[in-house]
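Protein sequences appear in the order of chains V and H.
If you read the first sequence in my numbering, its first letter stands for residue 1, the second for the next number, and so on.
If you read the second sequence in my numbering, its first letter stands for residue 1, the second for the next number, and so on.
Here a beta-carbon is modelled for each residue, glycine too, at the ideal position from N, C-alpha and C.
Predicted, not measured: the structure shown is a model, and the values here were computed from it.
2 protein chains.
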Amino acid sequence: MTKYEVTFLPENKRVEVEAGTTLLEAADEAGVYINSLCGGEGICGECRLQVISGHAKADKDAIGFFSGEEIQNGYVLACQTAVADNLEVLVPARSRLEMEKIITEGTPLAYSQPGKVSLRRIAQDPATLREPLVSKVYLELPEPSISDNISDIDRITRGLRQKLAYSSYDFSLSCLQNLAEMIRQQDWQVTATVAKHNDTGRVLRLQGGNTADSNYGLAVDVGTTTVVVQLVHLETGEVIGVEGNHNQQARYGEDVISRMVFACTRGSTKILHQAVVANINALTLALAREKGIDTEDINGLVAAGNTTMSHFLLGLTPCSLRLQPYVPTATVYPQIPAREIAININANAIVEIMPSVASYIGGDIVAGVLACGLADQPEIKCLIDVGTNGEIAIGNNEWIVCCSASAGPAFEGGGSKWGMRATKGAIEKLKIDEGRVTFETIGQAKPRGICGSGFIDAIYELARNRIIGQDGKFNLSVTDRRIIVADDGPQYVLAFPEETETGQAVTIAEIDISNLIKSKGAVFAALKSLVDYVGLSFGQLEAIYLAGGFGSSLDIGKGIAIGLLPDIDQQRIQFIGNSSIMGARMALLSGAAFDKAIDISRKMTNIELSNYPPFMNEFIAALFLPHTHGDLFPSVHY
Amino acid sequence: MTKYEVTFLPENKRVEVEAGTTLLEAADEAGVYINSLCGGEGICGECRLQVISGHAKADKDAIGFFSGEEIQNGYVLACQTAVADNLEVLVPARSRLEMEKIITEGTPLAYSQPGKVSLRRIAQDPATLREPLVSKVYLELPEPSISDNISDIDRITRGLRQKLAYSSYDFSLSCLQNLAEMIRQQDWQVTATVAKHNDTGRVLRLQGGNTADSNYGLAVDVGTTTVVVQLVHLETGEVIGVEGNHNQQARYGEDVISRMVFACTRGSTKILHQAVVANINALTLALAREKGIDTEDINGLVAAGNTTMSHFLLGLTPCSLRLQPYVPTATVYPQIPAREIAININANAIVEIMPSVASYIGGDIVAGVLACGLADQPEIKCLIDVGTNGEIAIGNNEWIVCCSASAGPAFEGGGSKWGMRATKGAIEKLKIDEGRVTFETIGQAKPRGICGSGFIDAIYELARNRIIGQDGKFNLSVTDRRIIVADDGPQYVLAFPEETETGQAVTIAEIDISNLIKSKGAVFAALKSLVDYVGLSFGQLEAIYLAGGFGSSLDIGKGIAIGLLPDIDQQRIQFIGNSSIMGARMALLSGAAFDKAIDISRKMTNIELSNYPPFMNEFIAALFLPHTHGDLFPSVHY
């Protein structure tokens, strides 16, 4: 078969492919990651490339995505273009899927340090014992005698009862089948691997001698965008390593809704299930190799994700999640052996998924509530986790209310011309002083666009400089060479063409500002609705924890100033980073913490804002900078 | 390859085999069952055949088993003789392994009728519900609404809680994976298959619509000699069918000890495991076909067997069972999915093994205790199950003591020249009056030998006629043409050559009588030791239940008269038949009964007679007809 060489610029990566291979497939093979939100269907128009040399022509169905000039300049859709010549192609900055700053760790807080995890202790044992979800217990058992001839598993159980506090023990058949020889050959020295299953200790493995030190687990954050795996030593609690990658499901849809549609209209749940399992296996293998650890010694995995991700991880059809009345197959998931979902760790290892509350309140937010200690004390605290959906929980050790508000993609850089995720080249901090714009980009690269925290800064700075009014509209009486009025309305130039990587100006348009105000309005209105629902005021919140990618580079003062966050003492607002993986690790390190997560999930009352009439009024009142009711923001002055 | 034809007489079965095949393998292929206690090792000498035509020669190692005359007459060992010619061979009567009278059912007693099984009832439900180990529950669930949008499995659990009394429910992953679609397509009508696992309901299957009527289970008696399977409808409790066959393990050793040796000296546990699984699968398939039932609808199996058989069934190495201090791998066995041991019923079906007490007190005796209701009331009762080992349990609803006494093979027809199992042609009843012997044989066939109950009758009748003394020795002053004095001592002719199938006289020798007196002495001494141990007298036993193959044709009066059974009111001694399968079926039909079996097994105190000094004195005192201390048998007069 004829082969051709394709060179991808600017990275200058080459690959030889067979004739007929699509450019998207060739890019994949070359290790060049190209945006493809529709999964190669020719629908999203994201995978555009410019052919520099060689012959390739835009498919006629793809032509609608390009202007006449672009077609002239050799623009094609990678997924719709078969290779039939040696080619040099340029991947435009906007088409590149670059590695984001994946938040792989939370900021240390109450529970984020293993040592601070509140653990069950055993009264009879003077030593301070941690009780991870999967323990390894070394036993030196007395040899049987005619006066003490209980069965081998009764002898092991008797030994375990002295070290663990389960009310009963289950043994898998594989543990028993050669036990009699093994334990006698090993002079009654044996290490039991025991998983917590409610009040029962499930004995997964019995090994001769003392192998208690080789006991590892995985804490996994299954995000819609990224998957993060922490390799944890279950006896010391130490995080041995951490790796993240893009959720491979992104090929089949950018957000949960499009993935659910993909799965349900085509019966393709299995494809999405396998994609995320492949993510976890790849990260796990990389970690194990890097750290010189045998994957056979990984005995447990706890994953946290939203309800859709949790369903995909278990291979459950998500179709009823997205349609009224929004019913998940499960919210508390069964404990399963790793082999049942083809996770490549010890075949008897257990997999637990952090429990969900409802279709749109997932295990990630339950993990966050666990991690930030919201449910520990009588003081009332609040957790805000903002991604495409904003999830909010308020409560204490007795009650928790929560809700999910559709914040839209604005905070993640979606839905606007120059919006982008928090990846290399994104403007993440920005200041405007007397017509001068200074900014910081991720990776100190030339700007390619603007991410969520950059947008918040921009809106605040534009309003502070009175370039826009408190309604978000441009004040066209201001004279500023950065203000341009185009066909689609006024916009402000944040970076001129000569400053940017693409050679085009990075701008923020009035419509972008309006979208962002809607997003911040939705989050604030949801928060206000919840606070009102429980009859509190913001001042009564002991703490507000900000979780998720959104929070990490946000200026809290500016967040308050635009009316995203309530006007309370800034000291009480804290970033906690990736609280989802923090919670998953806590559950891995403490069976009691996992029980607590189940308790939390059952205790959380979900307020469906779409059915809660006061929300709409709150939303409308919040579409102003900082808010229609200025008295809610006494410290904010423009 | 050269092929030869072998014809087996008297059945006239022909088979064509390749040169080099042993006659034992050829017989197997022809469907001619030949005794082979050593499993084809040339050790037991049981598989003797007489070559009638064609050339075959006794292997030189096998010659020791034959007299010169026998060698002359063409006798060979089937397992040591390779086919190298067309052959006609005669299978002597003694070498044939014929189907025994397999006891497939117990006599109805307290618990043997499903209707009388004491079952857990649910207070909230006015209907009388049985709760089998695996229930099928049909649910008509309310459709979810926005005000009732709990997860699908929470909805199913809520439905189950109204019908079953488990404290929690576990779902297998396979139940969940396509649940959302299935349950919506089926308009929320679903049938759950739920297995009891301690206090948890394990949901094994979810099916659309109402399939509650298709719920079957298997009660299995895994005997050392025979395997019996009952197919039971779990909702009605009806026994749909029953089948029995020879334990295929018999090829590898006749008794548990020789099979343990086979398994342990060669690491062949797997072979014995597969043999008994093959037994169960063959019986199950035959039953399912005969009754037109889909094996997929068989959702549970409860097996009862001695501790060795239970170990083999699960594939556990039995090596430590037979050596001091006699330690089993397990006495309470894990609940396992049928697929884990390749039982060909529904892959998610559960297998439970009746719990054992110790190496020589197995699940069969625990099942028997359950079945006869010994542990139900304050009245003290006794169960005697006599095979090669005699197991005895005495107790009530508060305590149970038990022991195992090596009765030897005498009661099963072993160890004497004309002893045979209770198969076709065995003399099972016998009377001697004024030198005239009348007898009954199994299957009204010509006598081939004498089985356990026949021996008991014979000894009683010989003593009553003063042909032997109360010490079991022949009274040589009696003149009787039936008394012959051979090289190996005196013997009594029960059937003359012209009456028998073999053309040889069936006799009982002084040495046989001596062995039988030892056997009955061991059983009686064990019983007496247990009664003394708990400070009782025989008169305080409310009932004595006789179980096992031994009991079915025994004359109770003669059993008392020879001192095997204590001299109490005969009305209080009852046969209950196969109490092992009765108990297994009870546990299958009632999870509460299975719990009770576990409770019984934990409550039973095993007295190791080899370490209990009074036993030896009791044994010596019992080596007399009926007993050295005649006052123990006031009603017996010879």
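Taking each of Ala282/V, Arg202/V, Pro409/V in turn and checking the Cα distance to Ile257/V, the smallest one comes out for Pro409/V. Bridge pairing for Lys136/H: Thr193/H [DSSP].
If you check the CB distance, Leu527/H and Ile392/H come in under 8 Å.
With its beta carbon less than 8 Å from one in chain V, Thr331/H belongs to the interface. Near chain H, meaning a CB-to-CB distance below 7 Å, the residues of the segment 312 to 340 of chain V are Leu314, Gly315, Leu316, Thr317, Cys319, Ser320, Gln324, Pro325, Tyr326, Val327, Pro328, Thr329, Ala330, Thr331, Pro334, Ile336, Glu340. Contact between Gly305/V and Gly363/V holds, with the beta-carbon distance rounding to 6 Å and staying under 8 Å. When rounded, the separation of the alpha-carbon atoms in Asn281/V and Thr329/H is 36 Å.
Arg205/V carries a strand assignment under DSSP once its states are collapsed to helix, strand and coil. Among the residues facing chain V, Ala367/H is not included, as its CB has no counterpart in that chain under 8 Å away.
In this structure, Val83/H is the residue among Gly159/H, Leu272/H, Val83/H with its C-alpha nearest to the C-alpha of Phe8/H. With contact defined as three or more Cβ pairs closer than 8 Å, the segment 266 to 283 of chain V and the segment 131 to 142 of chain H are not in contact. Residue pairing from DSSP places Ser53/V in a beta bridge opposite Glu88/V. Residue range 452 to 464 is occupied by the alpha helix (DSSP H) that includes Arg464/H.
Between the segment 196 to 208 of chain V and the segment 157 to 176 of chain V there are three or more C-beta pairs closer than 8 Å, enough to call the two in contact.
With respect to the 8 Å criterion, Glu428/V and Cys451/V are classified as neighbours on the basis of their beta carbons. With 16 or more other Cβ atoms from the protein chains shown falling within 10 Å of its own Cβ, Ser580/H counts as buried.
Closer than 8 Å to the CB of Pro144/V there is at least one CB belonging to chain H. Rounded to whole angstroms, the Cβ separation of Ile156/V and Pro325/H is 16 Å, and the two are not in contact under 8 Å.
Comparing alpha carbon positions, the residue from Ala407/V, Tyr216/V, Pro10/V, Ala375/V closest to Leu609/V is Ala407/V.
Within the segment 254 to 315 of chain V, the complete alpha helix (DSSP H) segments at least 4 residues long are 256 to 266, 269 to 291, 307 to 314, listed from N- to C-terminus. Listed along chain H, the residues sitting closer than 7 Å to Ile153/V by beta-carbon distance are Thr329, Ala330. Looking at Ala495/H, Glu11/H, Leu164/H, Gly42/H, the one whose alpha-carbon comes closest to that of Leu90/H is Glu11/H. Residue-level contact by beta carbon fails for Asn346/V and chain H, as no gap is shorter than 8 Å. Under the DSSP definition of a beta bridge, Pro490/H partners with Val485/H. Counting the other CB atoms within 10 Å of its CB gives Asp487/H a total below 16, which places it among the exposed residues.
The C-beta distance from Ala547/H to Gly425/H rounds to 25 Å, too long to meet the 8 Å contact threshold.
Contact between the segment 502 to 510 of chain V and the segment 338 to 348 of chain V is not established, with fewer than three Cβ pairs separated by less than 8 Å. Legend: CB atoms of the segment 163 to 193 of chain H lying less than 8 Å from CB atoms of chain V belong to residues Ser168, Asp170, Phe171, Ser172, Leu173, Leu176, Gln177, Asn178, Leu179, Ala180, Glu181, Arg184. With fewer than 16 other beta carbons inside 10 angstroms of its own, His629/H counts as exposed. Under the DSSP assignment, Tyr533/V falls in the alpha helix (DSSP H) whose first and last residues are 510 to 533. Going by DSSP, Met182/H is part of no beta strand (DSSP E) but of the alpha helix (DSSP H) stretching over 179 to 185.
Residues Leu272, His273, Val276 of the same chain have their beta carbon placed closer than 6 Å to that of Phe312/V, with the five preceding and five following residues left out of the count. Nearest CB-CB separation between Asn149/V and chain H: below the 8 Å threshold. Between the segment 611 to 629 of chain V and the segment 518 to 527 of chain V, the count of Cβ pairs shorter than 8 Å is three or higher; the stretches touch. Contact annotation: Leu176/H and Thr81/H have beta-carbon atoms that are not nearer than 8 Å. As a beta-bridge residue in DSSP terms, Asp148/H pairs with Ser145/H.
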